[in-house]
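For the sequence shown, the numbering used here begins at 69 and goes up steadily by one.
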Amino acid sequence: IRTILKTLVSQVDILETMTPLQFGTFRNRLDAASGFQSAQFRELEIVLGRRDSSVLASFTPGSDEHRQLSVALSRPGLWEHALSYLGSRPSVRSAGLVDDGATVPDGAVRDAVLHAYRNDPEAALVLERLVDIDEGLQEWRYRHVKMVERTIGRKHGTGGSSGAEYLASTLFRPAFPELWHARNSF
């Protein structure tokens, strides 16, 4: 996943070779195509842990995409699976995280994450791979914002969003905030 995200980010280099005038020659052909209408990107966000049913609004009820995203929203995300994994680790279970990834008391996730980093090198590596994925997604978002600003400025996006303004608002929303907050405790 990390390699795929890095490849995706590097593709922006190619798109940035176009001037705004060159991009403008075919932008209208994109019609309403955007990330809002990308079921695959929305599913990726859901799998990573974004639990926002408003993403369904861009898809026709009863369509394959709507059903696919509804199913994805009903399943545990990657973070819930990571919590189950941490809860199954004998060295972490003592930190108070249950082994089924269910709702845990405030602070138990933070304590389990810190305990894993300090006492379980294998679990710490798994958590760092999640940070890699999260960072890759954030790099993609940043490069996407800059590409949009470079090609269309602050015009509305093709999907009807506020364009770069909307994209910029997504920049600092990590998929795994607990892993970033843990860094404050080292």
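The beta carbon of each residue, even a glycine, is placed where N, CA and C say it ideally should be. This structure is a prediction, so every number in the text was calculated from the model and none was measured.
Pick out whichever of A180, F109, K214 has its Cα sitting closest to the Cα of E133. Looking up residue 133 in the sequence shown gives position 65. Among A180, F109, K214, the Cα nearest to that of E133 is on F109.
What residue ranges within the stretch 137 to 216 form continuous beta strand (DSSP E) runs of no fewer than 3 residues, ordered along the chain? none
Three-state secondary structure (DSSP) of L240: Translated into the one-based positions of the sequence shown, residue 240 becomes position 172. The residue asked about is misnamed: residue 240 is Phe in this sequence, not Leu. Of the three classes helix, strand and coil, the one that applies to F240 here is coil, per DSSP.
Considering only residues of the same chain and omitting the five flanking positions on each side of A192, which have a CB-CB separation below 6 Å? Against the sequence shown, residue 192 aligns to sequence position 124. The answer, listed in chain order, is A184, Y185.
Count the C-beta pairs between the stretch 236 to 243 and the stretch 198 to 213 that are closer than 8 Å, then say yes if the count reaches three, no if not. yes
Determine the DSSP secondary structure at E84, reduced to helix, strand or coil. Translated into positions along the sequence shown, residue 84 becomes position 16. Reduced to three states, the DSSP call for E84 is coil.
Assuming Y234 contacts G225 (C-beta within less than 8 Å), just tell me the rounded distance between them. Position 166 of the sequence shown, counted from the first residue, corresponds to residue 234. Position 157 of the sequence shown, counted from the first residue, corresponds to residue 225. Contact flag correct, Cβ pair sits at about 7 Å.
Helix, strand or coil for T219? Go by DSSP, reduced to three states. For the purposes of this step, residue 219 is identified with residue 151 of the sequence shown, where counting begins at 1. Helix at T219.
Could you check which residue in R97, F244, F127 has the C-alpha nearest to that of E196? Taking the sequence shown and counting its residues from 1, one reaches residue 196 at position 128. Nearest option by C-alpha distance: F244.
Three-state secondary structure (DSSP) of S122: Your numbering for residue 122 matches position 54 in the sequence shown. The answer is helix: DSSP assigns S122 an H, G or I state.
With a Cβ-Cβ cutoff of 9 Å, do L205 and L73 count as a contact? Position 137 of the sequence shown, counting from 1, holds the residue named residue 205. Position 5 of the sequence shown, counting from 1, holds the residue named residue 73. Yes, they are a contact pair.
Could you work out which residue in R251, M86, A150 is closest to R218 when comparing CA atoms only? Within the sequence shown, the letter at position 150 stands for residue 218. Ranking the options by Cα distance to R218, first place goes to M86.
Rounded straight-line distance, which links the Cα of E113 to that of S122: For the purposes of this step, residue 122 is identified with residue 54 of the sequence shown, where counting begins at 1. For the purposes of this step, residue 113 is identified with residue 45 of the sequence shown, where counting begins at 1. The straight-line gap from Cα to Cα measures roughly 13 Å.
Which same chain residues, not among the five before or five after R231, have their C-beta less than 7 Å away from its C-beta? For the purposes of this step, residue 231 is identified with residue 163 of the sequence shown, where counting begins at 1. Here residue 231 turns out to be Gly, not Arg, going by the sequence shown. Hits under 7 Å: V216, I220, R222, K223, H224, G225.
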